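Read left to right, the sequence shown gives residues 13 to 224 (our numbering). Note that beta-carbon positions come from the ideal geometry of N, C-alpha and C, so glycine has one too. Owing to the predicted nature of the structure, the values given are computational and were not obtained by experimental measurement.
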Amino acid sequence: MAKLGIFILTTAIWLLAIALSAGNAALPEGARYFTVVIDAGHGGEDPGAIVAGVREKDLDLAIALRLLSLAQGFPGLRVLLTRTSDRYVDLVERVRFAERVGAVLYLSIHANACSDPGVCGVETYVDNSRPPDDPSWALAQAVQWAVCAETGAPDRGVRTQRLYMRHTGLPAALVEVGYLTCPTERRKLLDPGYQERIAQGIFQGILDFLGL
Ligand SMILES: [Zn+2]
13 MAKLGIFILT
23 TAIWLLAIAL
33 SAGNAALPEG
43 ARYFTVVIDA
53 GHGGEDPGAI
63 VAGVREKDLD
73 LAIALRLLSL
83 AQGFPGLRVL
93 LTRTSDRYVD
103 LVERVRFAER
113 VGAVLYLSIH
123 ANACSDPGVC
133 GVETYVDNSR
143 PPDDPSWALA
153 QAVQWAVCAE
163 TGAPDRGVRT
173 QRLYMRHTGL
183 PAALVEVGYL
193 TCPTERRKLL
203 DPGYQERIAQ
213 GIFQGILDFL
223 GL
């Protein structure tokens with residue numbers, strides 16, 4: 013009898029733990045997993061920034077593909093990419109795709125460039141039409157923190173500008189994983205090990221946001 017009591021108690025604690033670990037994002041009704049859409053910026057005829065022969069679109073895709081393999085086999089999460097090859101996808105179509113597949117969030121991966129080679133580090137953007145209570149800010153902050161923690165890159169913070177993500181109501185953010193114009197950072201961005209750490213950071217930020 014005592015054994016049964018312990019079993020019931022253990023089961024109750026286990027169920028409570030599951031309920032609590034659901035975190036701040038509720039799983040959609042009937043769904044067994046969260047669907048997350050990851051976007052590799054640019055593609056095809058749009059290379060993004062090109063610095064010292066490095067094309068941003070290739071780096072964006074390499075990181076997105078690493079994130080996809082990190083997520084494979086992770087229970088509770090289904091990651092889909094807007095592109096898996098070097099092709100251009102219309103920007104509004106990217107967020108429409110996320111809506112069609114029932115995604116709970118949309119995250120776009122980019123690399124930055126500017127005229128000052130001394131500017132280095134990570135920034136995450138939210139569209140400037142989003143109100144202060146929009147969950148996109150929490151998503152952006154979670155990704156920003158986790159990528160900086162994982163890579164040790166300078167934290168240039170969460171920022172806002174006009175983005176095509178205004179065409180969806182989904183929580184959405186755009187991470188600029190580093191500056192191609194910063195010579196030391198460009199060397200790191202080309203290193204597969206560093207790309208993996210960026211992917212791990214983004215993945216962790218998504219898990220943190222979803223409370224997984
Ligand atoms: Zn870009």
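Are there 16 or more other CB atoms within 10 angstroms of the CB of residue i, so buried, or fewer, so exposed?
i    : result
G43  : According to the sequence provided, residue 43 is Ala. The question's Gly does not apply to it. Looking at its Cβ environment, which holds fewer than 16 other Cβ atoms inside 10 Å, A43 is exposed.
T180 : buried
T96  : exposed
T196 : exposed
P143 : exposed
V113 : exposed
V104 : exposed
Going by Cα to Cα distance, which pick from the options is closest to residue i?
i    : options                   : result
R178 : R171, G213 and N140       : N140
F86  : V48, T196, V189 and R171  : V48
G169 : D98, V107, G190 and E197  : G190
R78  : E68, L93 and G88          : L93
L182 : Q216, E111, Y206 and P129 : E111
G56  : V107, C132 and E68        : E68
V138 : Y176, I210 and F215       : Y176
Y45  : P147, G223, L89 and D128  : L89
I50  : R171, W157 and V101       : V101
Can you grab the Cα-Cα spacing for the pair residue i / residue j, in whole Å?
i    : j    : result
E208 : L202 : 11 Å
F109 : I218 : 19 Å
R99  : E162 : 29 Å
Q153 : L119 : 12 Å
G60  : P40  : 35 Å
R174 : T193 : 23 Å
E188 : C160 : 11 Å
V63  : A52  : 18 Å
L224 : F215 : 11 Å
C132 : P166 : 7 Å
V116 : P204 : 29 Å
Nearest chain C C-beta to residue i closer than 7 Å, yes or no?
i    : result
E111 : The chain inventory of the structure shown lacks chain C, comprising one protein chain alone.
* Let me have the residue list for ligand 1: C-beta closer than 5 Å to any non-hydrogen atom, ordered along the chain. => G53, G60 and H122
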